[in-house]
Amino acid sequence: MSTEHSAQTRRPPALTLLMRNPLAGVFVALVAIFAISAVISPYFLSGYNMSVIARGLAFVGLVTIAQSSLMILGELDLSLGTIGGLCGVVSGMLMVQAGLPAPMALILALCLGLALGFLNGLLVTVLGLHSLVLTIGTAGIYGGAILVLTKGVAITGIPAEIQFLGRGDLLGVPVPFLIMLAVLAIALFLSLKTPMGRYMYAIGNNPAAARMLGIRVDRIRLLVFTLAGMLSALAGLLMVARLGTAQPSIGQTWVLAPIAAAVIGGVATTGGVGSPLGAIFGAGIIAIIENIIVLFGVSPYWQGVVSGVIVVLAISFDALSRRYLRRDGA
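All the letters of the sequence shown, read from the start, carry residue numbers 9 to 338 under the numbering used here.
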């Protein structure tokens with residue numbers, strides 16, 4: 009026992025902090041990567057580049073908040089990207105082809121996102137299907153619907169009145185980034201200050217025990233899946249506003265990045281651990297790395313390779329840190 013205790017006391021305090029507090033660790037990593045990027049590139053700290061990073065982070069950040077909330081429950085939804093893309097395309101069709109007022113079209117598209125998220129949650133809870141396997145299938149359905157509706161052609165003529173939501177700035181800060189921060193604040197309040205948040209962590213840790221405590225597990229799962237669909241739809245709508253067109257490709261890159269960001273931010277792949285704030289820190293790390301790739305003129309095709317490497321490293325670190333904590337607590 010004394011040998012084990014002395015071995016624990018010899019561990020560097022910084023390492024213990026990073027292993028025990030993933031939020032502190034990812035914040036330190038974010039600051040370090042930010043500082044290194046500022047040193048190696050003279051253009052990194054320019055106002056324009058900071059705006060590019062913040063605006064790009066906003067879209068994937070919304071999906072990351074949704075995915076991290078599901079991961080806390082012990083679930084995964086691989087269809088969130090295609091939900092965002094489908095809702096963006098539908099909003100474009102409603103505004104351009106059906107002639108609906110832009111606010112009404114956006115509300116209807118958000119409702120579609122709610123409905124698709126609800127459908128995913130319903131299939132998971134009622135049929136008892138594994139969310140990872142199920143959403144691979146629904147992602148194919150939603151992605152196919154995008155191609156059926158658009159025939160692979162972008163919908164142009166998006167009203168200029170909504171483009172401020174994607175392109176505008178308030179006090180020099182991109183509007184989409186401000187919207188993401190507002191959503192993050194709500195998500196943090198729900199997860200940390202409400203019974204629903206406590207139930208989410210309890211379900212993620214042990215669904216059977218949560219049921220024994222009287223928690224309505226299926227209802228919470230259904231609610232979180234539904235809200236995740238709405239957040240993905242919001243990301244898709246903001247992207248349509250930014251581009252000024254409803255592109256069939258919207259959401260295609262919102263699959264690996266949100267999962268990687270969540271794991272980097274300390275959200276456990278097995279559920280019950282993590283925070284949406286940490287997930288956003290992880291998304292910030294990925295956004296900075298991808299930005300540096302662009303600044304150095306590296307082919308954008310390498311971004312997929314980098315994202316995949318980040319996912320592998322993040323999951324590996326997640327597994328090692330949890331093994332470390334189990335051994336430390338033994």
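Backbone N, C-alpha and C define an ideal beta-carbon position, used for all residues, glycine too. Every value quoted in this text rests on a predicted model; they were computed, and no experiment measured them.
Could you tell me which of CYS95, ILE187, ALA74, MET208 sits nearest to ARG227, measuring between CA atoms?
MET208
State the Cα-Cα distance for the pair GLY280 and ILE194, rounded to the nearest angstrom.
19 Å
Is VAL275 close to chain C, meaning its C-beta is less than 7 Å from at least one C-beta of that chain?
Of the protein chains in this structure there is only one, and it is not chain C.
Where DSSP assigns a beta bridge to PRO184, which residues make up the other side?
Partner(s): none; PRO184 has no beta bridge.
For PRO215, count neighbouring C-beta atoms within 10 Å of its own C-beta (all shown protein chains included) and say buried if the count is 16 or more, exposed if not.
buried
With contact counted as at least three CB pairs below 8 Å, one residue from each stretch, are the stretch 92 to 100 and the stretch 111 to 127 in contact?
yes
What residues in its chain sit with their C-beta under 6 Å from that of GLU169, if we drop five residues either side in the sequence?
ALA110
Roughly how many whole angstroms lie between the Cα atoms of VAL275 and GLY107?
43 Å
When we look at the beta-carbon of VAL320 and count the other beta-carbons within 10 Å, is it buried (16 or more) or exposed?
exposed
Following the continuous alpha helix (DSSP H) through LEU114, name the residue where it begins and the one where it ends.
110 to 135
Figure out for me which residue from VAL191, SER99, ILE223 has the closest Cα to the Cα of ILE166.
Among VAL191, SER99, ILE223, the Cα nearest to that of ILE166 belongs to SER99.
Is it the case that the Cβ atoms of LEU38 and GLY292 are separated by a distance below 7 Å?
At a Cβ-Cβ threshold of 7 Å, LEU38 and GLY292 count as neighbours.
To the nearest angstrom, how far is the alpha carbon of THR143 from that of ALA269?
19 Å
Of all the alpha helix (DSSP H) runs that stay within the bounds of the stretch 144 to 174, which reach a length of 4 or more residues?
none
What is the DSSP secondary structure of ALA106, counted as helix, strand or coil?
coil
Does the Cβ-Cβ distance between MET238 and ALA66 come in under 7 Å?
no
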